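Taking it in order: structure first as structure tokens, then the write-up.
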Amino acid sequence: MTINHFIKKKIRNHIILPIVAIGIIAGIIMTLLGIRAMFFQLDLQLSKSVREWNDLGLHVGNFLNVLSQDKSLFGDEKNLENILRLFYENYKNMVQYVYFSIPEKNLVFIPEAKIPENLLPKNRPWFKKSLEKKDFFQVSPPYIDAVTGEIILTISKYVEMKNGYGVLGVDINPNYIVTHILDRNVILIDQDNTVIYSNNKKIIGRKLKIDHDKKYRIYNFNVLLFRKALGDVYIVVYENYLVRLLPNLLITIIIVLGILILGHLTDDNVEKELDIYIRQPIENIIDETKRYLTNQEFDASKINTEIEEIDVLVNEIADMISIIEANFQELKATNEELEEAYKEIEKYSGELETTYELFIEKMATIVEGFDEDTGNHIKRVQVLSKFLAKKMKLPDNLVKKIYLYSALHDIGKIKVPPEILRKPSSLSNEEWEIMKKHTVWGAEILDGDERLEIAKRIALYHHEKFNGQGYPYGLKEDQIPIEAQIVNIVDVYDALRSKRPYKKPFSHEKALEIMLNGDGRTSPEEFNPKILEIFRAYEAEIERIWKNLSS
């Protein structure tokens, strides 16, 4: 059998047919991957919607939790109304109504609405739901709003008053749910599987066949994924799998038909073309290859071909053999040198980093010496700041920098006059203004090096308060870098626990009570609610860490 007949046969039996089979297999794989990708995309979309819904509920619920702690507020109806109105104005795109009610009537209702007189708060679903668990906010089951006639979800919080009790309530704006949380193929259903919110108004009120114990359901050529969200609701994403997978099937069919047509059209001319342009040059290459294997010589001049690429390839083969062998030896030597160099760099890099960290530690020790004896204050700030940063799931690199650079938060105090810094009595207004400049001075000391940017921000902003009442700039909320917010709350806690010339040390319980409820000088509004909640949730661990570092 000649080479051209052989190759022709191989093309038929070992190229075209396998490619057809591969095309079919590829189509199946593409379909399976399409299914997997569809489920993956739907799961991501579902997770996003659930997260956004839960974040909305937690954001509003945490506000109600914090507000309900101030019992004196509910004896001042005017002040309460101002606070609720401010909350409504800031979040009116998310919120439809904000109100405070006692069992028999609504004391505050923002914005004003005409409510039937016989519609007592104590009979409403949200009021009853808040009584089930009084110490935390609740999400009501979906119900028809008596004012708008729309399906409403309410977040409410029980409030203990001096002369009874009441409930804070926030109605979530249905338009916000539809436009910001639900995509075109995302719907919200209640526990009875009835659609309550959807971009497609035609399906609102329709009941789905869903088993909550499963993760997904195939229904009317649609794949439905669902997951329970905050409150008595489920979020559902769906996709028509026929529409989604049809392109994969069409591509598979087109590929297979194209291969068959191409094989048929080229079959008749293959033998002639192979003989002229392939067979003879290949035989010559074979002859020279045999000679190379026996004599270690490859003579490219003995191979004649009209195909320029084959001619160039043959000539390059001989050169490549020697070049590859030489390059291999050179590369081997280079790799050995690089490995040695890398080891040296790694060694010096580790030593430099250790020296850098030791320098910062020594600098912090010097700074601590300028201030009054705070009993290992800097080390406690470092360890507790790292603890909170980890609980907030910040990036590892940022957690490490917060631990390292929190030690320098008071570095600016080296420029404060000693008679002010160590004054045993209260500071005058002029002295206090000088003392407050230690934040700006600290930033000036740490300025100019990109590696110290985190340290600079901690030194400059660690006395800013979440409610905008701090210094030096009166920043608030997310205007304050997260690393400075963390150091701030730890610094306050440690100051409350530590002995000072002007006060006795507070117990852990007393310090926590002051931070969570306020004492006239310190209030919970000064801290990021998320960080404060982490502080409260892990208060036992925080106390243990503080005691270990103070012993």
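The opening residue of the sequence shown carries number 35 in my numbering; numbering runs sequentially from there. Backbone N, C-alpha and C define an ideal beta-carbon position, used for all residues, glycine too. These numbers were taken from a predicted model, which means no experiment stands behind them.
Q519 sits in a helix when the DSSP states are folded into three classes. Burial is judged here by how many other beta carbons sit within 10 angstroms of a residue's own beta carbon; L114 has at least 16 and is buried.
Note on P315: 16 or more other CB atoms within 10 angstroms of its CB, so buried under the neighbour-count rule. Distance check between D266 and each of L299, D224 and Q103 places D224 closest, using alpha-carbon atoms only. The C-beta of L90 has 16 or more other C-beta atoms within 10 Å across all chains shown, which makes the residue buried. The residues N96 and V100, in chain order, have a CB closer than 7 Å to that of P563 in the same chain once the five nearest residues on each side in sequence are set aside. Here F260 carries a strand assignment [DSSP, helix/strand/coil]. Around the beta carbon of I319, 16 or more other beta carbons lie within 10 angstroms, which makes this residue buried. The region 223-242 makes no contact with the region 282-290: fewer than 3 CB pairs, one atom from each, lie closer than 8 Å.
R491 sits in a helix when the DSSP states are folded into three classes. For S440, the three-state secondary structure derived from DSSP is helix. It is roughly 19 Å from the alpha-carbon of G292 to the alpha-carbon of T65. For S190, the uninterrupted beta strand (DSSP E) segment begins and ends at T188 to M195. Between K447 and the set V212, E465, L438 and K112, the nearest pair of CA atoms involves E465. Here R158 is buried, its C-beta having at least 16 other C-beta atoms within 10 Å. With a beta-carbon spacing of about 6 Å, L118 and V142 fall inside the 8 Å limit used to define contacts. Of the residues K413, T473 and D481, the one whose Cα lies closest to the Cα of G508 is T473. C-alpha of R414 to C-alpha of W580: approximately 6 Å in a straight line. Taking C-alpha positions only, N501 is separated from I206 by approximately 25 Å. Distance between K249 and F73, taken at the CA atoms: about 11 Å. With a beta-carbon spacing of about 4 Å, Y437 and K420 fall inside the 8 Å limit used to define contacts. With 16 or more other Cβ atoms inside 10 Å of its own Cβ, Y439 counts as buried.
The alpha-carbon separation between V257 and L222 amounts to approximately 16 Å. Boundaries of the alpha helix (DSSP H) harbouring Y326: Q314 to N329, taken from the DSSP string. Closest in C-alpha terms to I56, from the list R555, L294 and R570, comes L294. The alpha-carbon of R456 is positioned some 32 Å away from that of K434.
A straight line joining the alpha-carbon of R85 with that of L276 spans about 28 Å.
The C-beta separation of K139 from E194 comes to about 18 Å, leaving the pair out of contact by the 8 Å criterion. P458 counts as exposed, since fewer than 16 other C-beta atoms from the protein chains shown sit within 10 angstroms of its C-beta. Scanning its chain for C-beta atoms nearer than 7 Å, with the 5 sequence neighbours on each side dropped, one finds around V94 the residues I189 and V204, in chain order.
The DSSP-derived three-state label of K457 is coil.
DSSP places V181 in the coil class of the three-state scheme, outside both helix and strand.
I178 is positioned such that its CB atom lies no closer than 8 Å to that of P208.
Straight-line measurement puts the Cα of L259 at about 7 Å from the Cα of D77. The beta carbons of H443 and V526 sit no closer together than 8 Å.
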